[in-house]
Amino acid sequence: MLLSEAMPFRVVEYVREDGSNPYRRWFDGLHPQAATKVAAARARLEAGNTSNVKRIGAIAEYRLDWGPGYRIYLAKTRS
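Going by numbering that gives the first Met the number 0, the sequence shown wraps up at 78, each residue one higher than the last.
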C-alpha cells in the first residue's frame, strides 16, 4: 500500500507494471476474521490514525497484534 501526503491519508494498493497486485492477492487469501482486522487497520490509516505505524527508513510498518502478528508495509508518495 502507498500513502499520499495529504491528511487524512489516501491509501492505495500497489499495482505492479504487469498489473498484479500483491496486497490484494494476500488480502483475498486471509481468513475472514483476519481480513476484518486488516480492513479496520486500513480504515484507521485512511482516517489519519498512525498510532500503530513505525517508520523504518523510507517505508513504514503497521503492526496488527492479533493472530500470527500481521504487518502492512507502507510508503509515502509525493503527488
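Idealized CB from N, CA, C, for every residue including glycine.
Please read these numbers as outputs of a predicted model, since none were measured by experiment.
Worksheet item: For residue 22, which three-state DSSP category applies?
Response: helix
Worksheet item: Can you pull the DSSP bridge partners for residue 45?
Response: Residue 45 pairs with nothing; no bridge assigned.
Practice prompt. Measure the alpha-carbon distance for residue 2 versus residue 73 and round it to whole angstroms.
Written response: Note that residue 2 has pLDDT 48, beneath the 50 cutoff, so the model's placement of it is unreliable and no number is given.
Worksheet entry | Classification of residue 37 by the beta-carbon crowding that lies within 10 angstroms, buried from 16 upward | buried
Discussion item. If you follow the beta strand (DSSP E) that residue 62 is in, where does it begin and where does it stop?
Written reply: 58-63
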